[in-house]
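Here's the structure we're looking at; comments come further down.
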Amino acid sequence: MFSTMQDEQLSLATLLRYAASFHGDATISTWTGDGVRTSTYRDMGRDAAKLSNALRELGVGVGDRVGTFMWNNTEHMTVYAAVPAMGAVLHAINIRLFPEQAIYVTNHAEDQVVIVDGSLVPMFQEYLPKMRTVRHVVVVNGDPATLTVPEGVQLHSYTELIAAQPDTYDYPVLEEHSPAGMCYTSGTTGDPKGVVYSHRSNWLHAMQVLSPSGMRFSDHDTVLAIVPLFHANAWGLPYAAMMSGASLLMPDRFLQPAPLLQMMDAVRPTFAAAVPTIWGGVLAALDAHPQDISYLTRCVVGGSAVPPAMMRAFEEKHGVTLLHAWGMTETSPLGSVGHPPRGATGEQEWEYRFTQGRFPAGVQARIVGDDGAVLPNDGEAWGEVEVRGPWITASYYSPEGPMVDPEKFDDGWLRTGDVGKISPNGFLTLVDRSKDVIKSGGEWISSVDLENAVMGHPAVAEASVIGVPDEKWDERPLVAIVLKEGATAEASELREFLSDKFAKWQLPEHWTFIDEVPKTSVGKFDKKRLRARYADGDLKVVTL
Ligand code: AMP
Numbered sequence: 176m177f178s179t180m181q182d183e184q185l186s187l188a189t190l191l192r193y194a195a196s197f198h199g200d201a202t203i204s205t206w207t208g209d210g211v212r213t214s215t216y217r218d219m220g221r222d223a224a225k226l227s228n229a230l231r232e233l234g235v236g237v238g239d240r241v242g243t244f245m246w247n248n249t250e251h252m253t254v255y256a257a258v259p260a261m262g263a264v265l266h267a268i269n270i271r272l273f274p275e276q277a278i279y280v281t282n283h284a285e286d287q288v289v290i291v292d293g294s295l296v297p298m299f300q301e302y303l304p305k306m307r308t309v310r311h312v313v314v315v316n317g318d319p320a321t322l323t324v325p326e327g328v329q330l331h332s333y334t335e336l337i338a339a340q341p342d343t344y345d346y347p348v349l350e351e352h353s354p355a356g357m358c359y360t361s362g363t364t365g366d367p368k369g370v371v372y373s374h375r376s377n378w379l380h381a382m383q384v385l386s387p388s389g390m391r392f393s394d395h396d397t398v399l400a401i402v403p404l405f406h407a408n409a410w411g412l413p414y415a416a417m418m419s420g421a422s423l424l425m426p427d428r429f430l431q432p433a434p435l436l437q438m439m440d441a442v443r444p445t446f447a448a449a450v451p452t453i454w455g456g457v458l459a460a461l462d463a464h465p466q467d468i469s470y471l472t473r474c475v476v477g478g479s480a481v482p483p484a485m486m487r488a489f490e491e492k493h494g495v496t497l498l499h500a501w502g503m504t505e506t507s508p509l510g511s512v513g514h515p516p517r518g519a520t521g522e523q524e525w526e527y528r529f530t531q532g533r534f535p536a537g538v539q540a541r542i543v544g545d546d547g548a549v550l551p552n553d554g555e556a557w558g559e560v561e562v563r564g565p566w567i568t569a570s571y572y573s574p575e576g577p578m579v580d581p582e583k584f585d586d587g588w589l590r591t592g593d594v595g596k597i598s599p600n601g602f603l604t605l606v607d608r609s610k611d612v613i614k615s616g617g618e619w620i621s622s623v624d625l626e627n628a629v630m631g632h633p634a635v636a637e638a639s640v641i642g643v644p645d646e647k648w649d650e651r652p653l654v655a656i657v658l659k660e661g662a663t664a665e666a667s668e669l670r671e672f673l674s675d676k677f678a679k680w681q682l683p684e685h686w687t688f689i690d691e692v693p694k695t696s697v698g699k700f701d702k703k704r705l706r707a708r709y710a711d712g713d714l715k716v717v718t719l
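When you read off a place in the sequence shown, starting at 1, and then add 175, the result is the number in my numbering.
Quick look at the structure:
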């Protein structure tokens, strides 16, 4: 027996051709600070062909890495489309990494070309002399003369580079497992680790993003892509947008709540994607200066746990549905999305939406206990979440070959490092990162549960909970609180607020009030830095 189906390779070049032709009128709008500049997918198709021709002239061939050091804008989207289509590998460098990490990832990926936003030239200037493999730097949206390049490196203006190039390109037919793009993890410990996506994984992932169990956007939507294109494969937005013909709104470098609300008002996006810290800021800005944003029907939020109070506030005050999603750089990143199941209503519906969501068919998941035994999906048993599937990495990248570290992989499954439980109908509830869970007297306290609960107090803007050493109990929770502007609350009042939500032994006795929770390069609470501040005696702790 044989299948009669055609042997067509899944290819991002097909997506580019499709978007540029059948969805040629869809738009990409980039915020300029006081308005938008808008182009179409047809323009993107033309510029992607020009860029591909130019890169080929610079010597970029199949499998070569092209780095970007850019904000989310039209040109970044064009590079996202062109580089994999021509068979090269896109490496979107996280511009917020520590300098030594940004240099490390560029050297590790062996980027030949880096395309840099003009506004980031001063930062990039510091890094460039230590980037050993870079032969060409292309400055976009800025003046290349502002950058000094070391000997052996050629400097180009993006506009001039592509200007005289033909506006068609004969994209190669590639085997679908060929590398298309790469992202490095933004972990706070050790060197970032490289994950390489293939044409096939990106294609299948884009279909999942668009599916009813994913983000569900279409050509009827305009997607505000706040999540940086360098974070976790941009959550799959660029290729899903190309596949669906959704229009895009790109914030460029204007990521504060005020400009975000300004650009929303101007373009009226219907869908958006960002981490909870961004939405927390937007919510506070809306409280201070009310504005109708009900055109924004859905926002996907993930990267860290979304506080239930934030989800309710967006829905009830602004008519905006926050979709809670879970994923990782290693999972392309879509793992699960919190759509309530059929039949759930009222509070039950909310309870489902507060979870990290339901796994789709393409992501197999299981919970594994400390002893390596697979635990039941009964919604009760806790353990490390392990996943596998066609858009989940099987190794980390190294120039010498795949790295399959047993701490990260378990017999073909990716060990996520997240501790959680899975319900019989496939919903994931994360308890914590395994390294953040607080071990008190042989029992576990979820730092995430404490954070979510205390962020429900009206005076609290942000809260981050870490375990601190304790002679009797090994560890006890310390709650770091950022109060809302002008608000006041005592530690005792906040502890009292938690008292009906937790067992008595779980209630934190250590509290500290800080101006801001330190954040990682992708906007998550940086507990490592908070722990270091505690260890240095830098936090004023109130013990009740
Ligand atoms: P990154 O690779 O930077 O996207 O980080 C992935 C990690 O972010 C996951 O392993 C989780 O620890 C965390 N994460 C992602 N989404 C969520 C979520 N919805 N709730 C809690 N943690 C999350």
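For each residue, glycine too, the CB sits at the ideal point set by N, CA and C.
- By the CB criterion at 8 Å, I290 and V313 fall inside the cutoff.
- Taken in chain order, the whole beta strand (DSSP E) runs of length 3 or more contained in the stretch 295-353 are 311-315 and 329-332.
- The DSSP-derived three-state label of P652 is strand.
- With 7 Å as the limit between CB and the heavy atoms of ligand 1, the residues that fall short of it are T360, S361, H406, A407, G477, G478, S479, A480, V481, H499, A500, W501, G502, M503, T504, E505, P508, Q531, T591, G592, D593, L605, R608, V623, V697 and K699.
- Residue range Y216 to E232 is occupied by the alpha helix (DSSP H) that includes S227, with no beta strand (DSSP E) assigned at that position.
- Between the alpha carbons of P434 and G208 lies a gap of roughly 7 Å.
- L226 is not a Cβ neighbour of V288, given a cutoff of 8 Å.
- Taking the CA atoms as reference points, E559 sits about 5 Å from I542.
- The alpha-carbon of Y359 is positioned some 9 Å away from that of Y572.
- Here G365 is exposed, its C-beta having fewer than 16 other C-beta atoms within 10 Å.
- Under a 10 Å Cβ-count criterion, Q523 is classified as exposed, with fewer than 16 other Cβ atoms of the shown protein chains found around its own Cβ.
- Taking the Cα positions, E351 is about 27 Å away from I203.
- Every unbroken stretch of the alpha helix (DSSP H) spanning 4 or more residues and falling wholly within the stretch 601-641 is given here in chain order: 622-629.
- H374 carries a helical assignment under DSSP once its states are collapsed to helix, strand and coil.
- The beta-carbon distance between M357 and A284, rounded to whole angstroms, is 6 Å. This is short enough to meet the 8 Å contact definition.
- Rounded to the nearest whole angstrom, the C-alpha separation of R473 and T253 is 25 Å.
- Selection F299, Q340, V315 and A338 evaluated against V324 yields F299 as nearest (Cα-Cα).
- Within its own chain, the residues whose Cβ lies closer than 8 Å to the Cβ of N600, once the five positions on either side in sequence are excluded, are P516 and R533, listed in chain order.
- Residue burial is scored here from C-beta neighbours: Q539 has fewer than 16 other C-beta atoms within 10 angstroms and is therefore classed as exposed.
- I689: not part of any beta strand (DSSP E); DSSP gives it neither H nor E.
- Counting along the chain, the unbroken beta strand (DSSP E) around T591 starts and ends at W588 to I597.
- The residue from P444, V384 and M425 with its alpha-carbon nearest to that of G411 is V384.
- Annotation: N248 to V549 spans about 44 Å, alpha carbon to alpha carbon.
- Contact between V296 and H311 is absent: CB atoms are separated by about 15 Å, not below the 8 Å threshold.
- Annotation for F197: the continuous alpha helix (DSSP H) segment containing it runs L187 to F197.
- Nearest to P341 by C-alpha distance, out of A224, I453 and T179, is A224.
- At the C-beta level, F688 and I656 come within 8 Å of one another.
- Less than 8 Å separates the beta-carbon of G510 from that of G502.
- The stretch 418-434 makes contact with the stretch 450-459, as at least three CB pairs between them are under 8 Å.
- Ranked by Cα distance from G220, the first of Y255, G238, G236 and R240 is Y255.
- Spanning the alpha carbons of R706 and L497 requires a straight line of approximately 30 Å.
- With 16 or more other Cβ atoms inside 10 Å of its own Cβ, E637 counts as buried.
- Secondary structure note for R563: its beta strand (DSSP E) is the uninterrupted segment G558 to R563.
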